[in-house]
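>
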Amino acid sequence: MSASTDSSAANVETSNESGPPEIEALFLIRFDKKVGYTIAWKRSATDIALENAVEFKSLPSGLHAVQNDLVYFTHEGYAGLSAFAKGDASAEERNANFVSVGILVKNEGRFGRLGRAWLLAGQLEKLAAALADDSDTVTPLEDFWEEHNSGSRSRSQASDKGGAKGHSRARAISTVSVVTRDDESLPAYHPALSILRYMDTFGPLVFRLQQAALLRKRILFVASPPVRTACEYVYNLSVLSSISTRDSDLLIPGTEDLVRLPSLFSIGVHDIPHLEDLRNPKHGGHTPGSEASEGWAACTTDEIISTKTQLYDIVVELPSTHDAPPQARRWPRIRTSDGSLIRASQRDVARYKILHKELFRHRNGQQTQPEAYTDEDNDDTAPLLSRDEVDTKRADDDFNEAYDDSVVEPMTWSRLAYLGFMWWASAGERDAYTTAERDTDRELIGDLAEYSQSVETALIAYFHRQTSLLIQTLSQVIESERAGERESDEDDEGDALVIDRDDLSRMGLDTWSEADRAFVQEFGSLYFGRAIGVKGSEVDCCGLRVPVF
Numbered sequence: 001m002s003a004s005t006d007s008s009a010a011n012v013e014t015s016n017e018s019g020p021p022e023i024e025a026l027f028l029i030r031f032d033k034k035v036g037y038t039i040a041w042k043r044s045a046t047d048i049a050l051e052n053a054v055e056f057k058s059l060p061s062g063l064h065a066v067q068n069d070l071v072y073f074t075h076e077g078y079a080g081l082s083a084f085a086k087g088d089a090s091a092e093e094r095n096a097n098f099v100s101v102g103i104l105v106k107n108e109g110r111f112g113r114l115g116r117a118w119l120l121a122g123q124l125e126k127l128a129a130a131l132a133d134d135s136d137t138v139t140p141l142e143d144f145w146e147e148h149n150s151g152s153r154s155r156s157q158a159s160d161k162g163g164a165k166g167h168s169r170a171r172a173i174s175t176v177s178v179v180t181r182d183d184e185s186l187p188a189y190h191p192a193l194s195i196l197r198y199m200d201t202f203g204p205l206v207f208r209l210q211q212a213a214l215l216r217k218r219i220l221f222v223a224s225p226p227v228r229t230a231c232e233y234v235y236n237l238s239v240l241s242s243i244s245t246r247d248s249d250l251l252i253p254g255t256e257d258l259v260r261l262p263s264l265f266s267i268g269v270h271d272i273p274h275l276e277d278l279r280n281p282k283h284g285g286h287t288p289g290s291e292a293s294e295g296w297a298a299c300t301t302d303e304i305i306s307t308k309t310q311l312y313d314i315v316v317e318l319p320s321t322h323d324a325p326p327q328a329r330r331w332p333r334i335r336t337s338d339g340s341l342i343r344a345s346q347r348d349v350a351r352y353k354i355l356h357k358e359l360f361r362h363r364n365g366q367q368t369q370p371e372a373y374t375d376e377d378n379d380d381t382a383p384l385l386s387r388d389e390v391d392t393k394r395a396d397d398d399f400n401e402a403y404d405d406s407v408v409e410p411m412t413w414s415r416l417a418y419l420g421f422m423w424w425a426s427a428g429e430r431d432a433y434t435t436a437e438r439d440t441d442r443e444l445i446g447d448l449a450e451y452s453q454s455v456e457t458a459l460i461a462y463f464h465r466q467t468s469l470l471i472q473t474l475s476q477v478i479e480s481e482r483a484g485e486r487e488s489d490e491d492d493e494g495d496a497l498v499i500d501r502d503d504l505s506r507m508g509l510d511t512w513s514e515a516d517r518a519f520v521q522e523f524g525s526l527y528f529g530r531a532i533g534v535k536g537s538e539v540d541c542c543g544l545r546v547p548v549f
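Everything in the sequence shown is counted per full-length UniProt numbering, starting at 1 for the first residue and increasing by one.
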């Protein structure tokens, strides 16, 4: 699949051509030393219940330890965004004045797309900072409400009727692999701007996290304040694991609600009843080939939620060192609800190194590149190392500083045996299989360094191409079985589609990884309604048979 021919939609709201969203509610949360967090001021365009809800959503546990923060959340079908600020106060007020200014906007779909609330993030930050320093005025809130509430906006639009009309909605950037135009770059505060940081934080584990999201698991990020980054990671995961319309057409009926992972964003202990409701079959959580569990992604600073394992499928523990230099950094721990550690495959590591090299080149693209090394004593002035080799060496060194093999699957004995036998084979035979996989992985990534305006969009396109490769390859395998070109196995549950090592490799999966085999079996059941049987095989090497799995 060529990187230049992909045209799946990223579903990333990027443009502010239609202006900021209309707000349905605006509120000010203050900390009172006697009663805790209270709603000090509020306005609502509709009958939205705010009391005993938005106070806790706007101010997650531990937020008092930071100077300011942005918090994304959901409430009664609306997308919420609050800006937290800490101002100076007297000793009587514990030397700090805690405030949060929050809004609710229409969610624009069941998948938690934030309703473009981030377009107002900068203004909310300024409001929060001003009110943290001056607790006696609410005039700025009145002015903000008058400018942005849905009733005022409707009246303003009515008075402007007949004038020039702009676009009716924000344009979604296509993930087609071409350099984006200047007006398609992501604006300030867009949560997708954190995708590069997301890649650095997770390393090769981004692919395991992607698989969990594609299986629409309930994924809980646990982090310390500030929570803005974790909220943005929730958004990133939902966008990266979305399925394009072109690919969704290949799936069985009833999978329409699986095209994107819903985002709950920041949650706390007060959201536990809602999480329990999401486990209820009557809530509408049924999906083909699964129990009645509705998938989502969310983040929390309340570690107690992670002890309630019935509420989630996957927990992601974000380390406090994720912003540290590479040598002091450690990758997150990703575990299932039963405590099993999720590790990256060997192929995940290999393809992440290719991705890391491209991102390394992008970050250093504006810097002076080192000259290739040459032998000055040799009349032949050809460089001993090409610029690409120099870049690769520098990128590998940078990657190795942060490498943590404790979150990578160890080599299986069969793979070690296979590699040992291959050592005796010719160079061409030794590299043929791994070279084909490396070429596929390299082609999917493309040339990210050329995306001078929006490398984030290019990364979204890359992950969508991976998903597309998986769906289209599995669809082709199913079609070949229907045409009688491949075998199927009869079992107690009916026909099982049999796939082999070559099929797994073409899907972008690690042929030696048991986790990847389990993934494709669950994926096939969920999206294609088919039981998948993975066929073991042997490799003939120098007359000896080596089992692959």
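Built from N, CA and C at the ideal position, the CB exists for glycine as well.
Of all the options Ala395, Thr300, Ala117 and Val269, which has the alpha carbon lying nearest to the alpha carbon of alanine 188?
Ala117
> Which residue marks the beginning of the alpha helix (DSSP H) containing aspartate 143, and which one marks its end?
Residues 139-148.
> Identify the residues that DSSP records as bridge partners of histidine 75: which are they?
Tyr78
> Please list the terminal residues of the continuous beta strand (DSSP E) segment that includes leucine 220.
218-222
> Where does the unbroken beta strand (DSSP E) through serine 266 begin, and where does it stop?
263-267
> Is the beta carbon of histidine 270 sitting closer than 9 Å to the one on phenylalanine 56?
yes
> Pick helix, strand or coil for serine 44, following the three-state DSSP scheme.
DSSP places serine 44 in strand when its eight states are reduced to three.
> So, are the CB atoms of alanine 105 and tyrosine 72 less than 9 Å apart?
Looking at the sequence itself, residue 105 is valine, so the reference to alanine does not match. No, they are not a contact pair.
> With three or more C-beta pairs closer than 8 Å as the rule, is the region 297-305 touching the region 210-221?
Contact annotation: the region 210-221 touches the region 297-305, with at least three C-beta pairs closer than 8 Å.
> Could you pull the start and end residues of the beta strand (DSSP E) that threonine 300 belongs to?
Per DSSP, the unbroken beta strand (DSSP E) holding threonine 300 starts and ends at 296-300.
> From what residue to what residue does the alpha helix (DSSP H) around glutamate 51 run?
From DSSP, glutamate 51 is part of no alpha helix (DSSP H); its letter is neither H nor E.
> For threonine 336, report the span of its beta strand (DSSP E) as first-last.
333-336
> Would you kindly work out how many angstroms separate the C-alpha atoms of alanine 170 and isoleucine 267, rounded to a whole number?
Summary for alanine 170: the model assigns pLDDT 33, below 50, so the residue's position carries little reliability; its value from the coordinates is reported in the next sentence. Approximately 27 Å between the Cα atoms of the pair.
> I need the DSSP call for glutamate 358, collapsed to helix, strand or coil.
helix
> Evaluate the contact criterion for the region 128-136 versus the region 240-251: three or more CB pairs, one atom per stretch, below 8 Å.
no
> Check whether the Cβ atoms of serine 345 and glutamate 303 sit closer than 9 Å, and answer yes or no.
no
> Could you check whether threonine 46 and alanine 65 sit closer than 9 Å to each other, using their CB atoms as the reference points?
no
> Run the CB neighbour count on asparagine 107, radius 10 Å, all protein chains shown included, and call it buried at 16 or more, exposed below.
buried
> Contact defined as beta carbons within less than 8 Å: I believe aspartate 69 pairs with proline 191. What is the distance between those atoms, to the nearest angstrom?
Actually they are not in contact, since the Cβ atoms of aspartate 69 and proline 191 sit about 14 Å apart, beyond 8 Å.
> Can you list, in chain order, the residues of its chain whose CB lies under 6 Å from that of proline 21, leaving out five sequence neighbours each side?
Closer than 6 Å at Cβ, skipping near neighbours: Val105, Gly115 and Arg116.
> What are the partner residues of leucine 193, as DSSP defines its beta bridges?
Note: leucine 193 sits in no beta bridge, so no partner.
> In or out: valine 534 buried (at least 16 other Cβ within 10 Å) or exposed?
Counting the other CB atoms within 10 Å of its CB gives valine 534 a total of 16 or more, which places it among the buried residues.
> So, for isoleucine 471: in the same chain, excluding its five sequence neighbours on each side, which residues have a beta-carbon less than 8 Å away from its beta-carbon?
Ile243, Asp247, Leu250, Leu251 and Tyr527
> Between phenylalanine 84 and arginine 30, is the Cβ-Cβ spacing less than 9 Å?
no
> Which partner residues does aspartate 396 have in the DSSP bridge list?
Note: aspartate 396 sits in no beta bridge, so no partner.
> Which partner residues does arginine 30 have in the DSSP bridge list?
Thr38 and Val99
> Can you give me the start and stop residues for the alpha helix (DSSP H) that glycine 122 sits inside?
From DSSP, the alpha helix (DSSP H) with glycine 122 extends over 121-133.
> Among His362, Ser263 and Glu146, which one has its Cα closest to the Cα of threonine 392?
His362
> By a C-beta neighbour count over all protein chains shown, 10 Å radius and 16 as the cutoff for buried, is threonine 38 buried or exposed?
Around the beta carbon of threonine 38, fewer than 16 other beta carbons lie within 10 angstroms, which makes this residue exposed.
> What residue does the alpha helix (DSSP H) around isoleucine 314 start on, and which one ends it?
Note, isoleucine 314: premise wrong, no alpha helix (DSSP H); beta strand (DSSP E) at 314-317.
> My output table needs one value for lysine 86: the three-state DSSP class, helix, strand or coil.
The answer is strand: DSSP assigns lysine 86 an E or B state.
> Figure out for me which residue from Thr137, His274, Arg347 and Thr467 has the closest Cα to the Cα of histidine 75.
His274
> Spatial neighbours of aspartate 447 within its chain, please: CB distance less than 6 Å, with the 5 preceding and 5 following residues excluded, ordered by chain position.
Answer for aspartate 447: no residue qualifies.
> Just mark glycine 536 as buried or exposed, buried being the case when its beta carbon has 16 or more other beta carbons within 10 Å.
exposed
> Let me check understanding here. Comparing Cα to Cα, which of Leu120, Pro332 and Glu125 lies closest to tyrosine 198?
Pro332
> When burial is assigned at 16 or more other CB atoms within 10 Å of the CB, is aspartate 234 buried or exposed?
The sequence given here places valine at residue 234; aspartate does not occur at that position. Valine 234 should be labelled buried.
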